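In the working numbering, the protein residues as written are 301 to 394.
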(Lines of atoms letter the chains of each structure in order from A and count residues from 1; the text may use other names and numbers.)
(Lines give C-alpha, C1' and ligand atoms only; values in the text may rest on other atoms or scores of the structure.)
Protein backbone atom coordinates (compact mmCIF):
# COMPACT_ATOMS: atom_id res chain seq x y z
CA UNK A 1 0.00 0.00 0.00
CA UNK A 2 2.97 2.32 0.56
CA UNK A 3 3.81 2.34 -3.16
CA UNK A 4 3.90 6.01 -4.24
CA UNK A 5 2.80 4.99 -7.72
CA UNK A 6 -0.58 3.97 -6.31
CA UNK A 7 -1.24 7.38 -4.71
CA UNK A 8 -2.41 5.82 -1.45
CA UNK A 9 -1.22 6.83 1.98
CA UNK A 10 0.85 4.22 3.83
CA UNK A 11 -1.41 4.46 6.89
CA UNK A 12 -4.31 3.15 4.79
CA UNK A 13 -2.67 -0.28 4.86
CA UNK A 14 -3.45 -0.54 8.56
CA UNK A 15 -7.17 -0.90 7.95
CA UNK A 16 -8.53 -4.45 7.92
CA UNK A 17 -8.76 -5.95 4.45
CA UNK A 18 -6.83 -3.20 2.65
CA UNK A 19 -3.63 -5.23 2.29
CA UNK A 20 -5.55 -8.21 0.91
CA UNK A 21 -7.55 -6.00 -1.47
CA UNK A 22 -4.40 -4.32 -2.77
CA UNK A 23 -2.71 -7.69 -3.25
CA UNK A 24 -5.69 -8.87 -5.31
CA UNK A 25 -5.73 -5.59 -7.27
CA UNK A 26 -2.02 -5.79 -8.11
CA UNK A 27 -2.24 -9.48 -9.04
CA UNK A 28 -5.09 -8.74 -11.47
CA UNK A 29 -3.17 -5.76 -12.90
CA UNK A 30 -0.09 -7.95 -13.41
CA UNK A 31 -2.20 -10.61 -15.12
CA UNK A 32 -3.70 -8.03 -17.52
CA UNK A 33 -0.20 -6.80 -18.37
CA UNK A 34 0.98 -10.40 -18.88
CA UNK A 35 3.48 -10.12 -16.02
CA UNK A 36 4.07 -13.53 -14.46
CA UNK A 37 3.22 -14.14 -10.80
CA UNK A 38 6.14 -13.47 -8.44
CA UNK A 39 7.11 -17.16 -7.92
CA UNK A 40 7.18 -17.73 -11.69
CA UNK A 41 9.08 -14.47 -12.24
CA UNK A 42 11.72 -15.48 -9.68
CA UNK A 43 12.05 -18.88 -11.37
CA UNK A 44 12.51 -17.19 -14.76
CA UNK A 45 15.24 -14.95 -13.34
CA UNK A 46 16.99 -17.90 -11.72
CA UNK A 47 16.78 -19.95 -14.93
CA UNK A 48 18.74 -17.25 -16.79
CA UNK A 49 21.66 -17.78 -14.43
CA UNK A 50 21.12 -14.51 -12.58
CA UNK A 51 21.91 -14.56 -8.87
CA UNK A 52 19.44 -13.44 -6.21
CA UNK A 53 20.79 -12.17 -2.90
CA UNK A 54 19.20 -11.14 0.39
CA UNK A 55 20.34 -7.93 2.10
CA UNK A 56 22.24 -8.77 5.31
CA UNK A 57 21.09 -5.61 7.12
CA UNK A 58 17.42 -6.43 6.43
CA UNK A 59 17.91 -10.10 7.33
CA UNK A 60 19.53 -9.13 10.63
CA UNK A 61 16.88 -6.50 11.34
CA UNK A 62 14.07 -9.02 10.98
CA UNK A 63 15.93 -11.89 12.70
CA UNK A 64 15.88 -14.13 9.66
CA UNK A 65 18.28 -16.82 8.40
CA UNK A 66 19.05 -18.30 4.98
CA UNK A 67 16.57 -21.08 5.72
CA UNK A 68 13.77 -18.48 5.71
CA UNK A 69 14.29 -17.79 2.01
CA UNK A 70 13.35 -19.56 -1.18
CA UNK A 71 16.02 -21.86 -2.66
CA UNK A 72 16.79 -19.36 -5.46
CA UNK A 73 18.35 -16.91 -2.99
CA UNK A 74 22.05 -17.62 -3.43
CA UNK A 75 23.30 -15.98 -0.24
CA UNK A 76 22.87 -13.23 2.33
CA UNK A 77 25.37 -10.47 1.60
CA UNK A 78 26.29 -6.93 2.65
CA UNK A 79 26.05 -3.92 0.37
CA UNK A 80 29.83 -3.97 -0.08
CA UNK A 81 29.79 -7.65 -1.04
CA UNK A 82 26.98 -6.95 -3.49
CA UNK A 83 28.96 -4.24 -5.28
CA UNK A 84 32.06 -6.47 -5.37
CA UNK A 85 30.06 -9.34 -6.91
CA UNK A 86 28.31 -7.08 -9.40
CA UNK A 87 31.39 -5.16 -10.60
CA UNK A 88 31.26 -5.00 -14.38
CA UNK A 89 27.79 -6.51 -14.51
CA UNK A 90 24.29 -5.16 -14.83
CA UNK A 91 22.57 -4.42 -11.52
CA UNK A 92 18.80 -4.76 -11.54
CA UNK A 93 16.34 -4.34 -8.65
CA UNK A 94 18.53 -2.89 -5.90
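Even glycine gets a Cβ: it sits at the ideal position worked out from N, Cα and C. Since the model is a prediction, treat every value here as computed from it, not as a measurement.
Note to self: Applying the 10 Å Cβ sphere with the 16-neighbour rule, what's the burial state of residue 370?
What the structure shows: If you number the chain shown from 1, residue 370 lands on position 70. Exposed, by the Cβ-count rule.
Next item on the list: Alpha carbon to alpha carbon, how far is residue 320 from residue 351? Give it in angstroms, no decimals.
Entry: Taking the first residue of the chain shown as 1, we reach residue 351 at position 51. Taking the first residue of the chain shown as 1, we reach residue 320 at position 20. Approximately 30 Å, taken between the alpha carbons.
Check: For residue 343, which option in 355, 373, 390 has the closest C-alpha, if you only look at C-alpha atoms?
Finding: Taking the chain shown and counting its residues from 1, the one referred to as residue 343 is at position 43. Ranking the options by Cα distance to residue 343, first place goes to 373.
Next item on the list: Reducing DSSP to helix, strand and coil, say where residue 334 ends up.
Entry: The residue given as residue 334 occupies position 34 in the chain shown. Coil.
Next item on the list: Give the C-beta separation of residue 376 and residue 366 to the nearest angstrom, bearing in mind that I take them to be a contact with Cβ-Cβ under 8 Å.
Entry: On the chain shown, position 76 is the one that residue 376 refers to. On the chain shown, position 66 is the one that residue 366 refers to. That belief holds up - the Cβ atoms of residue 376 and residue 366 are roughly 6 Å apart, short of 8 Å.
Next item on the list: With 9 Å as the threshold, decide whether the Cβ of residue 331 is near any Cβ in chain D.
Entry: The displayed structure is made up of one protein chain only, and chain D is not part of it.
Margin query: Once DSSP output is grouped into helix, strand and coil, what is the label at residue 246?
Written below: Residue 246 is absent from the structure shown; the chain starts at 301 and stops at 394.
Note to self: Runs of 4 residues minimum, wholly inside the stretch 365 to 389: which ones carry the alpha helix (DSSP H) assignment?
What the structure shows: 379 to 386
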